[in-house]
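K.L.:
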Amino acid sequence: DTASGSSKKARHRERELAIDPPRGAMITAAFFAVAVATYVLVYGVRDTMLARLLVGGADRGSTDGGSGGGNGGSGGERVFTATELAQYDGTDPDKPMYLVVLGEVFDVTSGAGHYGKQSGYNVFVGRDASSAFVTGDFKGDGAKDDVSGLKPSEVLEIFNWRDFYAKHETYKRVGVLEGRYYDARGAPTDALRDALRLKGDGVRKRENQDAFRKQWPSCNFRNDAKAAQIEMWCTTKSGGIERDWVGYPREIFVKGVTDAPRCACVPKEKLDNPHLKLYDGCAATATRCYRPKPKP
């Protein structure tokens, strides 16, 4: 009986060992599925690919890295080193031209007229010069991959450029660059996650600004070079917002929402808003006003 009992306990333990690992895997998979769903809701559909990378590179597929060396990423995608990528800067006519945005590498050879060695945008190939997409600084340290010091709206614009290349008819994604945004295995780094957070901040700010513009439509402007003043006026379509009221020109500024004071068309019932200011020399009920040009 003792031997029989021991045998039963042993078989029961074997069943536990056989059952528990799959059950644990199912729980883990469910946890990551929730994590990915949350990620997509926060950062948008375009970054679902990145979300898959964050949970192990599932369904990444393989890409043609072209000629030359390079290591394969954990999902079969090519991971370039900075030295390898530098070979594809347009110097060698027999090699493709590779452009990088936030660590993602795209073959832009079909756009040789824009990115060739003698073109103005050659700075973007053979290296990651992500910040230059919004700063316009193509020289020296200005053409760098670090975007951590940029505004959220600027980082959002860089992600928009990334999407442009990803959706382009003839440009093709060929891998990622080992360095700031991807590690040697092709997995995202903390720097990329920080950039995504800035992008999220930029998206929210833009949504707030869009809602703000609808609530406070911009004035029409006329800045005649020969005139000493700038003309501002309101209509039922000024600011691109169609409505059934005209409004009165007022200067408006809300810290954290507007980047600088601007002219808004304001309905009568909102004229007492503390963020509004009547322009000097403009009648309170005028729909057309003038203000001096800023000094050069």
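Under our numbering, residues -8 to 287 are what the sequence shown spells out, in order. Glycine residues also receive a C-beta, built at the ideal position from the N, C-alpha and C atoms.
Are Ile221 and Lys284 closer than 8 Å when you measure CB to CB?
P.N.:
The answer is yes: Cβ separation under 8 Å.
K.L.:
I'd like to know if the region 139 to 146 and the region 188 to 196 are in contact, where contact means that at least 3 CB-CB pairs between them fall below 8 Å.
P.N.:
The region 139 to 146 is in contact with the region 188 to 196.
K.L.:
Who are Ser229's beta bridge partners in DSSP?
P.N.:
Ser229 pairs with nothing; no bridge assigned.
K.L.:
Please name the residue, chosen from Glu148, Phe150 and Arg118, that lies closest to Lys135 on a Cα-to-Cα basis.
P.N.:
Of the listed residues, the one whose Cα sits closest to Lys135 is Arg118.
K.L.:
By the three-class DSSP mapping on this structure, what secondary structure does Asn211 have?
P.N.:
In this structure, Asn211 counts as strand in the three-state DSSP scheme.
K.L.:
Using only CA atoms, which one of Asp174, Thr82, Thr278 and Tyr156 lies nearest to Leu90?
P.N.:
Selected option, being the one with the closest Cα: Tyr156.
K.L.:
Which residue from Val114, Tyr239 and Val245 puts its Cα closest to that of Arg279?
P.N.:
Cα-wise, what sits closest to Arg279 is Tyr239.
K.L.:
Taking 8 Å as the cut-off, decide whether the C-beta atoms of Val99 and Val116 are in contact.
P.N.:
It is a contact, given that the beta carbons lie within the stated cut-off.
K.L.:
Would you list the one or two residues that DSSP bridges to Leu179?
P.N.:
Residue 179 is actually Pro in this sequence, not Leu. Note: Pro179 sits in a beta bridge opposite Tyr173.
K.L.:
Name the DSSP beta bridge partners of Gln220, please?
P.N.:
DSSP output for Gln220 lists Pro283 as bridge partner(s).
K.L.:
Can you confirm whether the region 94 to 114 touches the region 158 to 170 when touching is taken to mean that 3 or more C-beta pairs between the two stretches lie within less than 8 Å?
P.N.:
Yes, they touch.
K.L.:
In whole angstroms, what is the alpha-carbon distance linking Thr180 and Cys210?
P.N.:
Answer to the nearest angstrom: the Cα atoms are 44 Å apart.
K.L.:
Can Val70 and Gly231 be called in contact, C-beta distance under 8 Å?
P.N.:
Going by C-beta atoms, Val70 is not nearer than 8 Å to Gly231.
K.L.:
Check whether the Cβ atoms of Ser122 and Val138 lie closer than 8 Å to each other.
P.N.:
Yes, these two residues count as a Cβ contact at 8 Å.
K.L.:
Between which two residues does the beta strand (DSSP E) harbouring Lys163 extend?
P.N.:
From DSSP, the beta strand (DSSP E) with Lys163 extends over Lys163 to Leu168.
K.L.:
Is DSSP giving Arg69 helix, strand or coil here?
P.N.:
Residue state, collapsed to three classes: strand.
K.L.:
In terms of residue numbering, what span does the alpha helix (DSSP H) encompassing Ala157 cover?
P.N.:
Looking at the DSSP string, the run of the alpha helix (DSSP H) that includes Ala157 is Pro143 to Lys158.
K.L.:
How long is the line joining the alpha carbons of Tyr270 and Val237, rounded to whole angstroms?
P.N.:
If I take the Cα positions, the gap works out to 17 Å.
K.L.:
The alpha helix (DSSP H) spanning Ala255 covers which residue range?
P.N.:
Run containing Ala255: none in the alpha helix (DSSP H); it sits in the beta strand (DSSP E), Arg253 to Val257.
K.L.:
Please report the residue range of the beta strand (DSSP E) in which Tyr270 lies.
P.N.:
No beta strand (DSSP E) holds Tyr270; DSSP gives it neither H nor E.
K.L.:
For the beta strand (DSSP E) that contains Tyr239, what are its first and last residues?
P.N.:
Run containing Tyr239: Tyr239 to Ile243, per the beta strand (DSSP E) assignment.
K.L.:
Which word fits Asp80, buried or exposed, when buried means at least 16 other C-beta atoms lie within 10 angstroms of its C-beta?
P.N.:
Its Cβ being crowded by 16 or more others within 10 Å, Asp80 is buried.
K.L.:
Among all the DSSP beta bridges, which residues are the ones paired with Leu90?
P.N.:
DSSP, once it has assigned bridges, lists Phe97 and Val116 as partnering Leu90.
K.L.:
Can you tell me which of the three DSSP states Leu44 falls into?
P.N.:
Legend: pLDDT at Leu44 = 41, less than 50; position of this residue unreliable, value from coordinates given subsequently. It is helical.
K.L.:
In this structure, does DSSP put Arg188 in helix, strand or coil?
P.N.:
Residue state, collapsed to three classes: helix.
K.L.:
Which of helix, strand or coil does DSSP assign to Lys304?
P.N.:
Since the first residue shown for the chain is -8 and the last is 287, residue 304 is missing from the structure and cannot be characterised.
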